[in-house]
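K.L.:
Would you mind keeping the following structure in view while I ask a few things?
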Amino acid sequence: MVTTFYEPRLKQRESEIRLTKFMALCAAGIVVFIVGVCTFLTFCGKLDSATFGFLIGVVVGSALTFVRDMVKQDGK
Numbered sequence: 024m025v026t027t028f029y030e031p032r033l034k035q036r037e038s039e040i041r042l043t044k045f046m047a048l049c050a051a052g053i054v055v056f057i058v059g060v061c062t063f064l065t066f067c068g069k070l071d072s073a074t075f076g077f078l079i080g081v082v083v084g085s086a087l088t089f090v091r092d093m094v095k096q097d098g099k
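This is the structure in structure tokens:
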């Protein structure tokens, strides 16, 4: 009886965990892509190093905020 009561909640929780992992991987992939493009543009001389530093700070800060919000949502 207890198993049938908690089974749907357990399945829902597992799907939420998979979604959170997928979102975190997507965020990490986007950060890596943006850092790679900015690095290439800075190396080619198309992007100033100060602008590069600013963009890296904004992207990493945004990604960390996103991941923090996802983790807080999971901890409810």
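Mapped onto the numbering used here, the consecutive letters of the sequence shown carry residue numbers 24 to 99. No residue lacks a Cβ here, since even glycine has one placed at the ideal position from N, Cα and C.
#1: Would you report the Cα separation of P31 and C67, rounded to the nearest angstrom?
#2: Within the chosen definition, does the segment 41-52 reach the segment 82-95 through at least 3 CB pairs nearer than 8 Å?
#3: What did DSSP end up calling L70 once you bin it into helix, strand or coil?
P.N.:
Short version:
#1: Here residue 31 is taken as the residue at index 8 of the sequence shown, counted from 1. Here residue 67 is taken as the residue at index 44 of the sequence shown, counted from 1. Spanning the two alpha carbons is a distance of roughly 54 Å.
#2: yes
#3: Residue 70 sits at position 47 when you count from the first residue of the sequence shown. If DSSP states are grouped into helix, strand and coil, L70 belongs with coil.
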